[in-house]
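Using our numbering, read the sequence shown as starting at 1115 and increasing by one per residue.
Before any comments, here is the structure.
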Amino acid sequence: MAYQFNWSIFGHKNQLKFLQNIVNSGNLANTYLFYGSRGLGKKYTVNYFVQSIFCQDDKIRPCQKCHHCRLVKKNTFLDLYRLGKQGQSLSADELRYFLHKLSLSNVSGDRKIAIICGGENINLFAANALLKTLEEPPRQTTIILISDDINSLPATVISRCQLIKFKSLNTNDMEKWLKHFDFSEQEKETIINLSFGKPGRALKLMEDKLEKFKQSCDFIIKLLSGSTFYYMQTIDKWFDVLKKEYPNFKVYELGDLTKEYLDLFELFLRDLLWIKLDRPITNVLYVDQLKRIAPQFTKDDLLNNLLSLNEMRQKLKYNVSPQLLWENLFLNVK
1115 MAYQFNWSIF
1125 GHKNQLKFLQ
1135 NIVNSGNLAN
1145 TYLFYGSRGL
1155 GKKYTVNYFV
1165 QSIFCQDDKI
1175 RPCQKCHHCR
1185 LVKKNTFLDL
1195 YRLGKQGQSL
1205 SADELRYFLH
1215 KLSLSNVSGD
1225 RKIAIICGGE
1235 NINLFAANAL
1245 LKTLEEPPRQ
1255 TTIILISDDI
1265 NSLPATVISR
1275 CQLIKFKSLN
1285 TNDMEKWLKH
1295 FDFSEQEKET
1305 IINLSFGKPG
1315 RALKLMEDKL
1325 EKFKQSCDFI
1335 IKLLSGSTFY
1345 YMQTIDKWFD
1355 VLKKEYPNFK
1365 VYELGDLTKE
1375 YLDLFELFLR
1385 DLLWIKLDRP
1395 ITNVLYVDQL
1405 KRIAPQFTKD
1415 DLLNNLLSLN
1425 EMRQKLKYNV
1435 SPQLLWENLF
1445 LNVK
């Protein structure tokens, strides 16, 4: 049977077609791995996919009205299991207990679905526990892994999964999506340029009418304009403020925030390089400040700084102190 699909998702046409064909056929694999950068809508898409599988309507999936749809939306459907949060590590004990629940009998239907979010944060012992389940999956059970970084997963786990890759949305899809929001054309252009095709990132920018973004940009402009001593003082103050504002901040959350600032810092460095090469820049709101700063850097300076950013991203994967990484970065800037 071919259903009509009620999925409010922009872009990812090939991925959606593939998933909807699975719903139509009813032939689910044992394991799927949804992967791609954070903010692309992987978890959002998984929710529509799962809701469509469990939906009871004969024509529209998901109908959002049937008993199963309502339970899935409330996260109270007894044959749907969820584990993990973005950025948090998963221990072997947590995963073993979760996988044990999958071995129990179905309650509401003929299939169980388990969603494991933050697959990139599974440690080695947890990965071994998961691998055993993937090799001998419980009957009528589908496991869905969601990961921001497929390279952090063991190859043995990846090889057991059907892979569904998510990519950044193109400009046309972002423009269509932003038509539903009340922003000026200049603001929309800024959001598109700064979100890198990631709806999740765009939503963060829109939450406070770009105010936090502007504060972050001002912070980076000051860093790029100052001396090394100023860098150290500013970074120390920044982390002190973060720790006071967010007393329950964990190391991984500081790491997540660092990744966001790294993306923004990279954007500024690239725009400085584009100015050097007489090319149009992305961050049009800060063009005057960037042109003023540009003479402080050579092209080689900027290229070396971009390489340092990539090295910093790699080190973040190993839970190195974000504050220490920032300090090391700015000791070598310019």
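Glycine residues also receive a C-beta, built at the ideal position from the N, C-alpha and C atoms.
Computed from a predicted structure; not experimentally measured.
By the Cβ test, the stretch 1309-1320 is in contact with the stretch 1281-1294, since at least three Cβ pairs between them sit closer than 8 Å. The beta carbon of residue 1380 sits closer than 7 Å to the beta carbons of 1420, 1423 from its chain, once the five residues preceding and following it are set aside; these are given in chain order. Put simply, the stretch 1143-1157 touches the stretch 1258-1269. At least three CB pairs are less than 8 Å apart. Remark: C-beta atoms of residue 1312 and residue 1339 do not approach each other more closely than 8 Å. A Cβ-Cβ distance of about 5 Å is found for the pair residue 1258 and residue 1229, placing them in contact under the 8 Å criterion. Distance from the Cα of residue 1249 is smallest, within the candidate group 1399, 1329, 1270, for 1270.
Taking residue 1214 as reference, the option from 1251, 1178, 1222 with the minimal CA-CA separation is 1251. With a minimum length of 3 residues, the unbroken runs of beta strand (DSSP E) contained wholly in the stretch 1254-1299 fall at 1255-1261, 1276-1279. For the options 1232, 1275, 1241, 1185, the alpha carbon positioned closest to that of residue 1210 is the one of 1241.
Here DSSP, grouped into helix, strand and coil, assigns residue 1410 to helix. The C-alpha of residue 1167 is placed about 11 Å away from the C-alpha of residue 1160. Between residue 1275 and residue 1146 a beta carbon distance of about 6 Å is seen, short of the 8 Å cut, so the two are scored as contacting.
Residue 1411 sits close to residue 1386, with the two beta carbons spaced by under 8 Å. For residue 1303 and residue 1279, the gap between their C-alpha atoms comes out near 26 Å. Linking residue 1394 to residue 1404 through their CA atoms gives a straight-line distance of about 12 Å. A Cβ-Cβ contact shorter than 8 Å links residue 1255 with residue 1216. Membership of residue 1211 in the alpha helix (DSSP H) is indicated by the continuous run 1206-1216. Taken atom to atom, the span from the alpha-carbon of residue 1309 to that of residue 1218 is near 42 Å. Looking at the DSSP output, residue 1119 bridges to 1175. Residue 1231 is bridged by DSSP to 1260. In this structure, the CA atom of residue 1383 is about 54 Å from the CA atom of residue 1224. In terms of Cβ geometry, residue 1176 and residue 1120 form a close pair [threshold 8 Å].
For the pair residue 1389 and residue 1335, the Cα-to-Cα distance works out to about 15 Å. Remark: C-beta atoms of residue 1237 and residue 1266 do not approach each other more closely than 8 Å.
By alpha-carbon distance to residue 1235, the top candidate from 1436, 1432, 1305, 1438 is 1432. Restricting attention to 1222, 1285, 1197, the CA atom closest to the CA of residue 1244 is found in 1197. A Cβ-Cβ contact shorter than 8 Å links residue 1164 with residue 1227.
DSSP places residue 1133 in the uninterrupted alpha helix (DSSP H) bounded by 1127-1139. Looking at the DSSP output, residue 1158 bridges to nothing.
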